[in-house]
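> Take this structure first; my questions come after.
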Amino acid sequence: MERKIAWNTYSDEELSKLEAVSAEYRGYLDNGKTERECVTETILMAEKKGYRNLTDVIANGEKLAAGDCVYSDCMGKAIMLFKLGKQPLEKGINIVGAHIDSPRMDLKQNPLYEDTGIAYLDTHYYGGIKKYQWVALPLALHGVVAKKDGTIVNIVIGEDPADPVVGISDLLIHLAGDQMGKKASVVIEGEELNVIIGGRPLKDEEKDPVKANMLAILKEKYDIEEEDFLSAEIEVVPAGPTRDFGLDRSMLLGYGHDDRVCAYASLNAILSIDETPEYTCCCVLADKEEIGSVGATGMSAKYFENAVAELINACGDYSDLILRRALTACRMLSCDVSAGYDPNFAGAFERKNSAYLGKGVCFNKYTGSRGKGGSNDANAEYIGRLRKLMDDANVNFQTAELGKVDQGGGGTIAYICAAYGMEVIDSGVAVLSMHAPWEIISKADLYEAVKAYRAFMLNA
Ligand code: MN
Ligand code: MN
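In this note's numbering, the protein residues as written are 107 to 566.
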């Protein structure tokens with residue numbers, strides 16, 4: 107039952123492919139620090155490979171046929187790519203699905219204030235974070251401001267090496283006696299996640315002169331007013347690029363590997379399919395997974411179902427029954443990251459059923475917590491078929507649970523898609539320091555995920 111270390115299986119040729127995949131992923135991660143940026147990046151990559159916007163296809167009244175490639179985005183925050191297969195949609199779709207939202211801090215609607223000569227932006231954190239990890243490090247601002255006249259202002263501050271960065275202060279150790287005695291969950295509290303953005307007053311301004319200076323800068327650089335924050339979505343994320351990690355460069359340190367590593371692997375896999383596949387292939391990149399897959403852009407919304415309905419219509423005759431048959435007949439990999447075994451915290455894991463960095467793509471029969479609560483428990487028959495499929499494609503894979511029994515738990519988008527009656531299993535890349543500002547993955551696991559997702563779409 108011991109799984110192979112993927113690194114030991116590679117030829118020189120495969121190692122150079124692995125590095126090429128890693129290099130492209132670094133670009134995807136660096137250009138996609140928000141769900142919106144990931145969608146923009148995904149569309150750029152898809153259009154280069156001949157994918158067309160499904161909305162245009164529908165507007166033109168065009169018909170679709172085997173071999174055609176389309177994408178459909180949902181409010182610029184979630185996206186689906188489809189490559190139509192030889193078999194009718196009624197026979198199901200081979201789906202790889204990941205999420206492109208990551209833990210972070212979002213600016214509040216009324217965020218800007220000044221206190222003792224420092225200008226701050228107030229935040230509300232998004233997803234599960236250890237708040238104490240997000241202080242005393244360089245942060246960047248990414249997002250959009252929607253003005254009343256309908257124009258959208260894109261903002262990225264803190265990524266160009268010439269840019270300033272922002273950040274949250276922590277208390278010096280010399281005065282931290284009380285703080286150090288607190289539980290880790292309250293060492294830094296949610297309302298203390300206030301981002302410092304400035305400290306110089308506007309000349310001759312009497313009331314809140316530092317804040318006034320900030321507003322002057324925002325007006326000059328972006329033509330926005332304070333009230334425009336009311337309709338803005340600005341995310342505070344770690345500043346700086348993904349880095350090779352380790353003296354042997356075997357790993358990547360980056361923000362948002364959860365779950366953009368699986369999103370990228372899914373995207374790479376579908377874009378690598380040049381031939382017309384037997385069954386239609388789909389890559390779906392969802393938003394809002396970290397807060398329960400809610401809202402119009404979360405996986406619980408109907409955009410996937412609606413897109414499949416449009417495809418059925420564009421391929422021939424639509425009926426509700428064909429749509430239901432198509433959804434039920436799908437096969438899916440819910441592509442989400444796994445907790446990598448960490449010897450520093452061995453007590454949280456069970457060694458036989460843990461994901462190890464470098465042992466390949468991971469399959470999780472179930473996730474959930476406390477007696478598998480809330481999990482999608484994949485069928486044994488389905489896993490049996492996938493084992494053969496992975497072995498036939500020479501994919502290095504491992505299986506794992508999320509930590510030891512009753513240690514904690516978590517969920518993915520798997521159960522939402524399983525509700526249609528399709529076969530679904532969680533599958534992803536092992537991550538160290540998951541949900542920390544900087545997460546760690548093995549390049550080998552990324553490479554195996556790309557291989558696995560491609561083989562799945564072509565052969566499931
Ligand atoms: Mn995830
Ligand atoms: Mn997560």
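Even for Gly, the Cβ is constructed at its ideal location relative to N, Cα and C. Predicted, not measured: the structure shown is a model, and the values here were computed from it.
1. Assign SER117 to one of three DSSP states: helix, strand, or coil.
2. Nearest-angstrom Cα distance between ALA165 and GLU265?
3. Please say whether ILE294 and LYS237 have beta carbons closer to each other than 8 Å?
4. If you drop the 5 nearest sequence neighbours on each side, which residues of the same chain put their C-beta closer than 6 Å to that of MET107?
5. Am I right that CYS388 and TYR526 are in contact with their C-beta atoms under 8 Å? What's the rounded C-beta distance?
6. I need the boundaries of the alpha helix (DSSP H) containing GLN285, first residue and last residue.
7. Ligand 1 and THR518: does any heavy atom of the ligand fall closer than 7 Å to the residue's C-beta?
8. Between which two residues does the alpha helix (DSSP H) carrying SER363 extend?
9. Given 7 Å as the limit, tell me if GLU507 has its C-beta closer than that to any heavy atom belonging to ligand 1.
10. Taking buried to mean at least 16 other C-beta atoms within 10 Å of its own C-beta, is ILE279 buried or exposed?
11. If you check the beta carbons only, do PHE503 and PHE451 fall under 8 Å apart?
12. Please list, in chain order, all residues of the same chain as ALA566 whose beta carbon is under 6 Å from its beta carbon, the five residues on each side excluded.
13. So, at 6 Å on beta carbons, what are the nonlocal neighbours of LYS471 in its own chain, with the 5 sequence-adjacent residues on each side left out?
14. Could you check whether the segment 172-182 touches the segment 190-209, counting it as contact only if at least three pairs of C-beta atoms, one from each stretch, sit closer than 8 Å?
15. Compare the beta carbon distance of SER406 and ILE531 with 8 Å and say whether it is the shorter of the two.
16. On the DSSP letters alone, give me the boundaries of the beta strand (DSSP E) that PHE451 sits inside.
17. Look up HIS230 in the DSSP assignment and say whether it is helix, strand or coil.
18. Buried or exposed: LEU358, going by 16 or more other Cβ atoms within 10 Å of its Cβ?
19. Check whether the Cβ of SER356 lies closer than 8 Å to any Cβ atom in chain B.
20. Is DSSP giving LEU508 helix, strand or coil here?
21. Under the three-state reduction of DSSP, which class applies to ALA262: helix, strand or coil?
22. Bridge partners of CYS567, per DSSP?
23. I think ILE302 touches VAL272, with their Cβ atoms under 8 Å apart; what is that distance to the nearest whole Å?
24. Where GLY203 and ASN300 are concerned, what is the direct C-alpha to C-alpha distance, given to the nearest angstrom?
25. Consult DSSP for ARG306 and reduce its assignment to one of helix, strand or coil.
26. Per DSSP, which one or two residues make a beta bridge with PHE351?
27. Let me check you understand the geometry: is the CB of ASP532 closer than 7 Å to at least one non-hydrogen atom of ligand 1?
28. VAL127 and TYR553 - do their beta-carbons sit closer together than 8 Å?
29. Do you know how far the Cα of ASN260 is from the Cα of ASP364?
30. Measuring from each Cβ to the nearest heavy atom of ligand 1, keep the ones under 6 Å and list them in chain order.
31. Check the DSSP bridge columns for ILE531 and list the partner residues they point to.
32. Got a sec, what are the start and stop residues for the beta strand (DSSP E) VAL342 sits in?
33. Check whether the segment 138-150 touches the segment 179-188, taking contact to mean three or more Cβ pairs, one atom from each stretch, closer than 8 Å.
34. If distances are taken between C-alpha atoms only, which option among GLY198, ASP334, LYS465 and GLY477 comes closest to ALA415?
35. State the beta-bridge partners of HIS205 as determined by DSSP.
36. Classify LYS288 as buried or exposed, calling it buried when 16 or more other Cβ atoms lie within 10 Å of its own Cβ.
Here's the rundown:
1. Judged by DSSP in its simplified three-state form, SER117 adopts coil rather than helix or strand.
2. Each residue's Cα considered, the two are about 38 Å apart.
3. yes
4. none
5. Incorrect: roughly 13 Å between the Cβ atoms, too far for contact.
6. 283-286
7. yes
8. According to the sequence provided, residue 363 is His. The question's Ser does not apply to it. 363-377 is the extent of the alpha helix (DSSP H) around HIS363.
9. no
10. exposed
11. no
12. ASN200 and ARG437
13. ALA484
14. yes
15. no
16. Taken as a continuous stretch (DSSP letters only), PHE451 belongs to no beta strand (DSSP E), as it is neither H nor E.
17. strand
18. buried
19. This model lacks chain B altogether, as it is built from one protein chain only.
20. In the structure shown, LEU508 sits in coil (DSSP, three-state: anything other than H, G, I, E or B).
21. According to the sequence shown, residue 262 is Val rather than Ala. Strand, per DSSP.
22. Since the first and last residues shown for the chain are 107 and 566, residue 567 lies out of range.
23. 6 Å
24. 34 Å
25. Reduced to three states, the DSSP call for ARG306 is coil.
26. MET357
27. no
28. Contact: yes.
29. Distance between the alpha carbons of ASP364 and ASN260 is about 24 Å.
30. Spelled out in chain order, the answer is HIS205, ASP364, ASP365, GLU395, ASP442 and VAL443.
31. LEU439
32. 338-344
33. Result yes; three or more Cβ-Cβ pairs closer than 8 Å.
34. GLY198
35. ALA392
36. exposed
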